[in-house]
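Participant: Under our numbering, think of the first position of the sequence shown as 22, with each following residue one higher. Glycine residues also receive a C-beta, built at the ideal position from the N, C-alpha and C atoms. My structure is below; once you've seen it, I'll send some questions.
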Amino acid sequence: MEALIIEDEKPSARRLQRMLNKLDVNVVTTLHAVDEATEWFLQNDHPELIFLDIQLSDGLSFEIFENVEVKSSIIFTTAYDEYALKAFKLNSVDYLLKPIDDEELEAALKKFRSTKFSDRSSLDIKNLKSLLNLSSSEYKKRFTIQVGQHLRIFDVEDICCFYSENKGTYLHSTARRSYLMDCSLDKLEEELDPDIFFRVNRKFIIRIKDILDILTYSNQRLEVKLGNFKEQQIIVSRERVKAFKEWLE
22 MEALIIEDEK PSARRLQRML NKLDVNVVTT LHAVDEATEW FLQNDHPELI
72 FLDIQLSDGL SFEIFENVEV KSSIIFTTAY DEYALKAFKL NSVDYLLKPI
122 DDEELEAALK KFRSTKFSDR SSLDIKNLKS LLNLSSSEYK KRFTIQVGQH
172 LRIFDVEDIC CFYSENKGTY LHSTARRSYL MDCSLDKLEE ELDPDIFFRV
222 NRKFIIRIKD ILDILTYSNQ RLEVKLGNFK EQQIIVSRER VKAFKEWLE
């Protein structure tokens, strides 16, 4: 049997690979990030089974399935609490809570080998996100930014986009000013309502109501013009174009 590991914690990935090797599972490769995994699936044959962590270094692993139709069966390997993952069994073989136990791993493999998962339907990304308590009622409605000795409050309606630059993360307001934040774009992506905000590439999360124009760009990409942000060119990465068009609808 061939399997793929997608895990951003390299020690955990190495430990899991050793455990799988003892169970006669050939690990074809180990991937550590959403973008890396997306590119790999576009260029390689998909293995029978994927061992998938949820939180990766550059975002949630669900983003992989928004860009690529993956036929492999999935065993989730995650630190999320059990109550949030019960329904995953509808779309996956099993889930294993970290630290992974030898007996549980062997049982999950036995379940995979004894059950036909080839007809498994595509993962319902929106449903999985809702199971992780990412419902719209829990998304952030406002952000507080320290400016000198003062605190500024920004409602999401007052935000044009978020972007990263020189290892810093910035909120750019509809008043066309940028403010340094004490968090990462990855963290923001989890906190923002996906009906309102979209991460077009590694550097930008934009708000749908601030889009002024969308232009075709080289290499099957798109350029987005925002009404209140002129400082940099914003390009939708090739891997995100399909999901971006779906988001617009």
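1) With three or more C-beta pairs closer than 8 Å as the rule, is the stretch 45-52 touching the stretch 88-102?
2) How far does the beta strand (DSSP E) with Arg-242 in it extend, from its first residue to its last?
3) Keeping to the same chain, check which residues put their C-beta closer than 7 Å to that of Glu-84; ignore five residues upstream and five downstream.
4) Report the CB separation of Leu-192 from Phe-175 in whole angstroms; it is logged as a contact under 8 Å.
5) For the beta strand (DSSP E) containing Gln-167, list its first residue and its last residue.
6) What are the boundary residues of the alpha helix (DSSP H) that Phe-86 is part of?
7) Using alpha carbons as the reference points, say which of Gly-169, Arg-242 and Lys-266 lies closest to Asp-216.
8) Are the CB atoms of Ile-255 and Phe-225 within a distance shorter than 8 Å?
9) Identify, in the order they occur along the chain, each residue of the same chain with its Cβ nearer than 7 Å to the Cβ of Leu-233, setting aside the five sequence neighbours on each side.
10) Using the three-state DSSP reduction, which class does Asn-330 fall into: helix, strand or coil?
11) Helix, strand or coil: how does DSSP classify Lys-223 here?
12) Would you tell me roughly how many angstroms separate the C-alpha atoms of Asp-203 and Ala-264, rounded to the nearest one?
13) For my contact list, His-67 and Asp-29 are in at a C-beta cut-off of 8 Å; report their separation, rounded to the angstrom.
14) Identify which residue in Ser-239, Leu-130, Leu-209 and Ala-24 has its Cα closest to the Cα of Asn-65.
15) Would you list the residues sitting across from Phe-193 in a DSSP beta bridge?
16) Looking only at DSSP bridge pairs, what is Gln-76 linked to?
17) Tell me which residues share the same chain as Arg-259 and place their Cβ nearer than 8 Å to its Cβ, disregarding the 5 neighbours each side in the sequence.
18) Take the Cβ of Ile-26 as the centre, count every other Cβ of all protein chains shown within 10 Å, and call the residue buried at 16 or more, exposed below.
19) Check whether the Cβ atoms of Leu-220 and Glu-210 sit closer than 8 Å, and answer yes or no.
20) Check whether the Cβ atoms of Leu-37 and Ile-121 sit closer than 8 Å, and answer yes or no.
Facilitator: In short, the structure shows the following:
1) no
2) Start at 1 with the first residue of the sequence shown, and residue 242 comes out as number 221. That run of the beta strand (DSSP E) goes 242-247.
3) Taking the first residue of the sequence shown as 1, we reach residue 84 at position 63. Here the set comprises Val-55.
4) The count along the sequence shown starts at 1 and reaches residue 192 at position 171. The count along the sequence shown starts at 1 and reaches residue 175 at position 154. Between Phe-175 and Leu-192 the Cβ distance is about 6 Å, and since that is below 8 Å, they are a contact.
5) Translated into the one-based positions of the sequence shown, residue 167 becomes position 146. Its beta strand (DSSP E) spans residues 163-168.
6) Sequence index remark: in the sequence shown, residue 86 carries index 65 (1-based). That run of the alpha helix (DSSP H) goes 83-88.
7) If you number the sequence shown from 1, residue 216 lands on position 195. Ranking the options by Cα distance to Asp-216, first place goes to Lys-266.
8) As a first step, residue 225 must be located in the sequence shown, where it is residue number 204. As a first step, residue 255 must be located in the sequence shown, where it is residue number 234. Cβ distance < 8 Å, so Phe-225 and Ile-255 count as in contact.
9) Counting from 1 along the sequence shown, the entry for residue 233 is found at position 212. Its chain contains Lys-246, Leu-247 and Gly-248 as the residues whose beta carbon lies nearer than 7 Å to that of Leu-233, once the 5 sequence neighbours on both sides are disregarded; these appear in chain order.
10) Outside the displayed range of the chain (22 to 270) lies residue 330, so it cannot be described from this structure.
11) Numbered from 1 along the sequence shown, position 202 holds the residue referred to as residue 223. Reading off the sequence shown, one finds Arg at residue 223, where the question assumed Lys. Here Arg-223 sits in coil by DSSP.
12) Along the sequence shown, one-based indexing puts residue 203 at 182. Along the sequence shown, one-based indexing puts residue 264 at 243. Computed Cα separation, rounded: 28 Å.
13) Taking the sequence shown and counting its residues from 1, the one referred to as residue 67 is at position 46. Taking the sequence shown and counting its residues from 1, the one referred to as residue 29 is at position 8. His-67 to Asp-29, Cβ: 20 Å. No contact.
14) Mapped onto the sequence shown, residue 65 falls at position 44. Looking at the Cα atoms, Ala-24 is the closest of the given residues.
15) What you label residue 193 is simply residue 172 of the sequence shown in a count that begins at 1. According to the sequence displayed, residue 193 carries His and not Phe. DSSP lists Cys-182 and Ser-199 as partners of His-193.
16) In the sequence shown, the residue the question calls residue 76 occupies position 55. According to DSSP, Gln-76 bridges with Leu-81.
17) Taking the sequence shown and counting its residues from 1, the one referred to as residue 259 is at position 238. Result list for Arg-259: Asn-240, Gln-241 and Arg-242, in chain order.
18) By one-based count along the sequence shown, residue 26 stands at place 5. Flag for Ile-26 reads buried.
19) Here residue 220 is taken as the residue at index 199 of the sequence shown, counted from 1. Here residue 210 is taken as the residue at index 189 of the sequence shown, counted from 1. Reading the sequence as shown, one finds Arg at residue 220 and not Leu. Closer than 8 Å, so yes.
20) One-based indexing of the sequence shown puts residue 37 at position 16. One-based indexing of the sequence shown puts residue 121 at position 100. Yes, Cβ-Cβ distance for Leu-37 and Ile-121 is below 8 Å.
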